[in-house]
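Worksheet: the structure to be examined is printed underneath.
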């Protein structure tokens, strides 16, 4: 399955959150994610749960099955998921 994203959003992430979709894609391809969970606010969206520099981040994505494509939306640190996944480890 291909992984794609919006280049403008990627630039914004690099400037504002010091992370890039390329880095996230690499983590995903290496299987370096903690979990995949449903986004409770959006029916068609899921989260990759990632550990980035010792903190839990979420990377929302949608799947376009017709194109066999994962489209990454953004990435952000999450206190809620950090607490949840740190308690489990």
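In the numbering used here, the protein residues as written are 1263 to 1351.
The beta-carbon is built from N, C-alpha and C at its ideal position, and this holds for glycine as well.
Since the model is a prediction, treat every value here as computed from it, not as a measurement.
Residue 1295 - DSSP class collapsed to helix/strand/coil: In this structure, DSSP gives residue 1295 a state outside helix and strand, which the three-state scheme calls coil.
Residue from 1263, 1293, 1286, 1306 whose Cα sits closest to the Cα of residue 1320: In terms of CA proximity to residue 1320, 1286 leads the group 1263, 1293, 1286, 1306.
Closest residue to residue 1307 among 1336, 1329, 1270, 1350 (Cα-Cα distance): Of the candidates 1336, 1329, 1270, 1350, the one whose C-alpha sits nearest the C-alpha of residue 1307 is 1336.
Of the residues 1341, 1316, 1348, 1309, the one placed nearest residue 1333, counting alpha carbons only: Closest option to residue 1333, Cα to Cα, is 1309.
Residue 1286 (DSSP reduced to helix, strand or coil): DSSP places residue 1286 in helix when its eight states are reduced to three.
Min CB distance residue 1309 to chain D below 9 angstroms: The structure shown contains no chain D; it is built from a single protein chain.
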